[in-house]
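Residue numbers (the numbering used here): 62 to 168.
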């Protein structure tokens with residue numbers, strides 16, 4: 062990953078409390094995993110920013126190194142990597158994701 066890509070990703074992660082790196086947009090997700098991530102966030106009524114990795118190859122490849130996580134989507138809350146679609150689903154089903162967002166709103 063280039064220093065420029067890393068700096069841009071770092072700025073995006075820190076620019077908003079909740080950031081989802083995904084394929085496509087919230088209105089038009091371009092893969093099933095991104096669609097599932099959007100559905101979870103919408104169901105929890107979470108305000109979030111999204112980054113379409115398909116629009117920038119530097120970010121698409123760089124985000125995998127930034128998080129040391131090989132797949133997209135990737136969710137960040139308060140600058141911290143939470144996980145991908147499967148982890149989001151597990152956390153959603155256990156109630157842990159809703160609790161994370163409640164804690165984040167309280168801060």
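All C-beta atoms in this analysis are idealised placements derived from N, C-alpha and C, irrespective of residue type, glycine included.
Keep in mind the model is a prediction, meaning the values are calculated, not measured.
Here the alpha carbon of residue 74 sits roughly 8 angstroms from the alpha carbon of residue 141.
For residue 127, no pairing in a beta bridge is given by DSSP.
Under the three-state reduction of DSSP output, residue 111 falls in the strand class. Shown here, residue 145 sits in coil according to DSSP, grouped into three states, outside any helix or strand.
For residue 73, the uninterrupted alpha helix (DSSP H) run begins and ends at 64-76, by DSSP.
The three-state secondary structure of residue 82, taken from DSSP, is strand. Across the structure, residue 128 and residue 66 are spaced so that their CA atoms are roughly 13 angstroms apart.
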